[in-house]
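Everything on this sheet refers to the single structure shown next.
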Amino acid sequence: MAEALFSQSWHHVEAIRFKLRSHADIHRHEYRGHLWYVLQDHVTGQFHRFTPEAYQIIGRLDGDLTLQEVWDAVCLRLDEDMPTQDELITLVSQLYRANILMADVAPNIDDLNSRHKTIRRKKFIQRLKSPLGIRIPLLDPDKFLNKTAHWVTPIFSIWGFAIWLAVLVTAILLALINWPSLMTNTSDRVLALENIFLMALVYPVVKTIHEFGHAYVLKKWGAEVHEMGIMFLVFFPVPYVEASEAIAFPNKHQRMLVGAVGVLVEIFLAALAMIVWAYAEPGTLRTIAFNTMVISGISTLLFNGNPLLKFDAYYVLSDYLEIPNLASRSNQYIAY
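As structure tokens, this is what we get:
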């Protein structure tokens, strides 16, 4: 027991005072009745999930206590569940390499540069691992969102939902009434050369509104949105917004709404388009409305609304079930 509890390397680190950097925040979460802590790095956008036992360590890294004093306090608090010195060294080392911790020792510039290069290399490798989903950041929309959020965020309320539902019901009734003409020569209309060109113009507009839906819901609960750009999904360009800050929300229903709002926005656009199509005269406006319905419908049914793909519905389901990394856990279960 003594050999497992103590480390031969302890004397190298016991007097060091570690402190969480200012760009790191800790959030308390609950998954399936179990308490977890999520550490958010605002610089890299990464999240680290820890047990309550690990939090007993991380929460004491305030720059005032030495690592020995931290270990003594944690051992007293956790008693039989106390960590070994090697476990403490491993945890602190991981956080230090991730540039989340600072120490009261003289900074090693080469070491800092090495850590920054490692972080950038990991990000680059992560992008290469997803060649069919390459992201190209284009702008930081946070200031624009801050200036306009007070106009948009009231939509995400019970009154906004009532309007959304009323428009949807109206659109469904109109679709049923106009079903024969709506479905006449559908494939010919969709695949016509001039229509494909028009659809290519409508598609990015629909998807951009979809992504702004994610961004404004994040703003509703005080999150920051610093990245928006183009993602090549199977070599097809689609807009995206970096919405990972939703992971920090302790309330799972808030996280679920961030994930679901894109689909809800597209359903609303499709419903509005149905109403326009039903009352518009044949022409460009009616064709645009028809294409909006097709794009929003196919996107919702096959992609964003499909929990089997790692798009919006997948993350909503993961938060609803309170199972982080649902896909990898499912694969492990199937393999088992």
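Residue numbers for the sequence shown follow numbering that gives the first Met the number 0, beginning at 0 and rising by one. For glycine and all other residues, C-beta sits at the position ideal for the given N, C-alpha and C. This one's a predicted model, so the numbers in the text were calculated from it and none came from an experiment.
Counted within 10 angstroms of its Cβ, other Cβ atoms place residue i as buried (16 or more) or exposed
{"i": "residue 310", "result": "buried"}
{"i": "residue 104", "result": "exposed"}
{"i": "residue 11", "result": "exposed"}
{"i": "residue 250", "result": "exposed"}
{"i": "residue 7", "result": "exposed"}
{"i": "residue 339", "result": "A question about residue 339 goes unanswered here, because the residues of the chain that appear run from 0 up to 335."}
{"i": "residue 202", "result": "buried"}
{"i": "residue 70", "result": "buried"}
{"i": "residue 111", "result": "Confidence at residue 111 is low in this model, with a pLDDT of 48, below 50, so the placement of that residue should be treated as unreliable; the coordinate-derived value is given next. With fewer than 16 other Cβ atoms within 10 Å, it is exposed."}
{"i": "residue 172", "result": "exposed"}
{"i": "residue 55", "result": "buried"}
For residue j and residue i, believed in contact at Cβ under 8 Å, the rounded distance
{"i": "residue 339", "j": "residue 220", "result": "Residue 339 is absent from the model: the chain starts at 0 and stops at 335."}
{"i": "residue 265", "j": "residue 213", "result": "Actually they are not in contact, since the Cβ atoms of residue 265 and residue 213 sit about 12 Å apart, beyond 8 Å."}
{"i": "residue 18", "j": "residue 60", "result": "6 Å"}
{"i": "residue 286", "j": "residue 197", "result": "6 Å"}
{"i": "residue 150", "j": "residue 84", "result": "No, residue 150 and residue 84 are not in contact; Cβ-Cβ is about 55 Å, not under 8 Å."}
Nearest to residue i (by Cα), restricted to the options the options
{"i": "residue 134", "options": "226, 163 and 218", "result": "226"}
{"i": "residue 153", "options": "46, 202, 216 and 321", "result": "216"}
{"i": "residue 142", "options": "222, 284 and 81", "result": "222"}
{"i": "residue 64", "options": "15, 302, 170 and 164", "result": "15"}
{"i": "residue 204", "options": "285, 192, 291 and 232", "result": "291"}
{"i": "residue 87", "options": "318, 316, 5 and 261", "result": "5"}
{"i": "residue 313", "options": "34, 255 and 139", "result": "255"}
{"i": "residue 62", "options": "288, 305, 281 and 20", "result": "20"}
{"i": "residue 174", "options": "98, 289 and 248", "result": "289"}
{"i": "residue 207", "options": "193, 184, 149 and 229", "result": "229"}
{"i": "residue 44", "options": "318, 244, 304 and 322", "result": "244"}
{"i": "residue 170", "options": "147, 93, 268 and 159", "result": "268"}
{"i": "residue 136", "options": "236, 280, 296 and 315", "result": "236"}
{"i": "residue 29", "options": "194, 299, 258 and 247", "result": "247"}
{"i": "residue 22", "options": "31, 42, 9 and 34", "result": "42"}
{"i": "residue 145", "options": "234, 193 and 218", "result": "218"}
{"i": "residue 159", "options": "260, 298, 182 and 94", "result": "260"}
Straight-line gap, residue i to residue j (C-alpha atoms, nearest Å)
{"i": "residue 271", "j": "residue 100", "result": "50 Å"}
{"i": "residue 80", "j": "residue 263", "result": "46 Å"}
{"i": "residue 50", "j": "residue 24", "result": "15 Å"}
{"i": "residue 340", "j": "residue 27", "result": "With the chain represented from 0 up to 335, any question about residue 340 goes unanswered, as that position is not in the structure."}
{"i": "residue 68", "j": "residue 90", "result": "16 Å"}
{"i": "residue 320", "j": "residue 307", "result": "14 Å"}
{"i": "residue 179", "j": "residue 283", "result": "21 Å"}
{"i": "residue 72", "j": "residue 48", "result": "22 Å"}
{"i": "residue 224", "j": "residue 322", "result": "24 Å"}
{"i": "residue 13", "j": "residue 96", "result": "18 Å"}
{"i": "residue 33", "j": "residue 53", "result": "14 Å"}
{"i": "residue 156", "j": "residue 316", "result": "22 Å"}
{"i": "residue 188", "j": "residue 296", "result": "16 Å"}
{"i": "residue 274", "j": "residue 300", "result": "20 Å"}
{"i": "residue 181", "j": "residue 293", "result": "11 Å"}
{"i": "residue 66", "j": "residue 98", "result": "17 Å"}
State whether the segment 229-244 contacts the segment 153-164, with contact taken as three or more CB pairs (one from each stretch) at a distance under 8 Å.
Touching, no, given that fewer than three Cβ pairs across the two stretches are closer than 8 Å.
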